[in-house]
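To keep things clear, I will list the structure first and then write my remarks on it.
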Amino acid sequence: MEEKKRVSQWKPFIMPALTSKAEELHMLGYERATIAEVWDCLMKKVWKKDPEKRLHEVVQDILHLSPGIYMSYMTAQVYQDQDLLAQINALKEMEDNHSS
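So in this note's numbering, spot 29 of the sequence shown is number 37, and the numbers just go up one at a time.
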């Protein structure tokens with residue numbers, strides 16, 4: 009019987025699958041897709057709470073990640089980053105107003 013581990017513990021063993029998924033996304037027009045983004049997307053959208061899985065299950069999840077789920081994740085990240093930037097700018101503006 010194949011061993012189960014937390015998904016995060018399998019990461020060193022699944023780099024070929026992550027690389028393959030990033031390359032697939034490149035071929036589909038998502039040229040900026042990175043291995044790190046694919047991993048983050050899977051952790052936040054597919055695995056959520058770092059479940060225990062067998063190695064073949066983790067690889068299957070990676071290879072079955074749809075471009076739609078990836079783009080949904082990346083779009084949400086952009087909006088979060090823009091919101092964070094707006095908050096930082098607002099704080100800087102408040103700080104500048106208080107120091108004047």
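Heads up, the beta-carbon is just placed ideally off N, CA and C, and yes, glycines get one too.
For this session: Return the CA-CA distance between Q16 and A30, expressed in angstroms with no decimal places.
Result: According to the sequence provided, residue 16 is Ser. The question's Gln does not apply to it. Rounded to the nearest angstrom, the two C-alpha atoms are 18 Å apart.
For this session: Specify whether the segment 71-79 and the segment 28-44 touch according to this definition: at least 3 beta carbon pairs, one from each stretch, less than 8 Å apart.
Result: yes
Exercise. Where in the segment 45-69 do unbroken runs of the alpha helix (DSSP H), each at least 4 residues long, occur, reported from the N-terminal end onward?
Worked result: none
For this session: Taking R14 as the reference, give the member of H34, T42, H64, I43 with the closest Cα.
Result: H64
Exercise. Distance, Cα to Cα, M51 vs I96?
Worked result: 27 Å
For this session: Taking K12 as part of the beta strand (DSSP E), name the residues at either end of that continuous run.
Result: 12-14
For this session: Count the other CB atoms, across all protein chains shown, that sit within 10 Å of the CB of L71; report buried if there are 16 or more and exposed otherwise.
Result: exposed
Exercise. Span of the alpha helix (DSSP H) holding L36?
Worked result: That residue, L36, is in no alpha helix (DSSP H); it is neither H nor E in DSSP.
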